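In the numbering used here, the protein residues as written are 23 to 243.
Shown next, in structure tokens, is the structure this report addresses.
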Ligand SMILES: [Zn+2]
């Protein structure tokens, strides 16, 4: 269930900030509330769901500043991942990555956005999985899911991973060129960050109660 929930996040089907109830989730998955409570607890640990002081559970809605910090961590980690994988290129199989890239191309050609956004996210997780380091895999799963939610909030382009860059990274790794792979990954993460427009001044969020307060203040005297 956690995996399916994460998949829905990766496919950008889950609205950031949405309120979830145990009842609705238990009914959706056809399981007891005790089971769903465990799933929720795990997703809260992952940072994908947030438990409020009132007891309500919401989907995370990362702020611009939080998103910037997550991308900073990815900048520190992901170029190093591809660099170290490239140094082991002789003993690693890149077949799964190559067929994954073909699937990305197919989804792009078919204009299947949900599949494409999931696949481009999974690409980054596959790189982490190739390191065989469970701490790294867990950390990147969390960062990737939260960045997916941030994309829904702040992205300007159709999809966050520009076309062709994943292939460039894989080709450099296969050639054993670690520095080039790391360099393309740095550019790639920079493009993702640019697309998210994290320095933009946030728009005013119109809210009826705020508007009524504003009108009342002006009608006094
Ligand atoms: Zn990417």
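Heads up, the beta-carbon is just placed ideally off N, CA and C, and yes, glycines get one too.
Computed from a predicted structure; not experimentally measured.
For ligand 1, is there a heavy atom less than 8 Å away from the beta-carbon of residue i?
{"i": "residue 214", "result": "yes"}
{"i": "residue 81", "result": "no"}
{"i": "residue 32", "result": "no"}
{"i": "residue 205", "result": "no"}
{"i": "residue 187", "result": "yes"}
{"i": "residue 183", "result": "yes"}
{"i": "residue 142", "result": "yes"}
{"i": "residue 97", "result": "no"}
{"i": "residue 146", "result": "yes"}
{"i": "residue 122", "result": "no"}
{"i": "residue 209", "result": "no"}
Let me check understanding here. Comparing Cα to Cα, which of the options lies closest to residue i?
{"i": "residue 84", "options": "98, 176, 133", "result": "176"}
{"i": "residue 81", "options": "183, 118, 49, 62", "result": "62"}
{"i": "residue 119", "options": "76, 194, 89, 208", "result": "194"}
{"i": "residue 79", "options": "43, 56, 229, 50", "result": "43"}
{"i": "residue 190", "options": "87, 115, 123", "result": "123"}
{"i": "residue 34", "options": "149, 140, 151", "result": "140"}
{"i": "residue 76", "options": "125, 157, 41, 183", "result": "41"}
{"i": "residue 90", "options": "237, 234, 186, 211", "result": "211"}
{"i": "residue 24", "options": "60, 56, 39", "result": "60"}
{"i": "residue 121", "options": "174, 192, 201", "result": "192"}
{"i": "residue 31", "options": "187, 170, 196", "result": "170"}
{"i": "residue 197", "options": "133, 185, 110, 142", "result": "110"}
{"i": "residue 50", "options": "27, 71, 70", "result": "27"}
{"i": "residue 6", "options": "205, 232, 219", "result": "Residue 6 lies beyond the stretch modelled for the chain, which goes from 23 to 243, so this question has no answer here."}
{"i": "residue 126", "options": "117, 115, 144", "result": "144"}
{"i": "residue 213", "options": "183, 220, 229", "result": "183"}
{"i": "residue 219", "options": "73, 38, 93", "result": "93"}
{"i": "residue 39", "options": "95, 71, 115, 29", "result": "71"}
{"i": "residue 128", "options": "66, 55, 185, 221", "result": "185"}
{"i": "residue 178", "options": "221, 147, 133, 64", "result": "221"}
Which word fits residue i, buried or exposed, when buried means at least 16 other C-beta atoms lie within 10 angstroms of its C-beta?
{"i": "residue 98", "result": "exposed"}
{"i": "residue 216", "result": "exposed"}
{"i": "residue 46", "result": "exposed"}
{"i": "residue 246", "result": "What the structure shows of the chain is the stretch from 23 to 243, and residue 246 is not part of that stretch, so it cannot be assessed."}
{"i": "residue 101", "result": "buried"}
{"i": "residue 163", "result": "buried"}
{"i": "residue 131", "result": "exposed"}
{"i": "residue 136", "result": "exposed"}
{"i": "residue 200", "result": "buried"}
{"i": "residue 233", "result": "exposed"}
If you measure between the beta carbons of residue i and residue j, is that distance less than 9 Å?
{"i": "residue 108", "j": "residue 172", "result": "no"}
{"i": "residue 167", "j": "residue 68", "result": "yes"}
{"i": "residue 153", "j": "residue 106", "result": "yes"}
{"i": "residue 57", "j": "residue 48", "result": "yes"}
{"i": "residue 103", "j": "residue 138", "result": "no"}
{"i": "residue 95", "j": "residue 174", "result": "no"}
* To do: Taking only runs that begin and end inside the stretch 28–52, name each unbroken alpha helix (DSSP H) of 4 or more residues, in chain order.
  => 44–51
* Curious, which full-length alpha helix (DSSP H) runs of at least 4 residues does the stretch 96–173 contain? -> 117–131, 135–152
* To do: Kindly provide the ranges of any beta strand (DSSP E) runs that are 3 or more residues long and lie completely inside the stretch 51–88, ordered along the chain.
  => 71–73, 79–81
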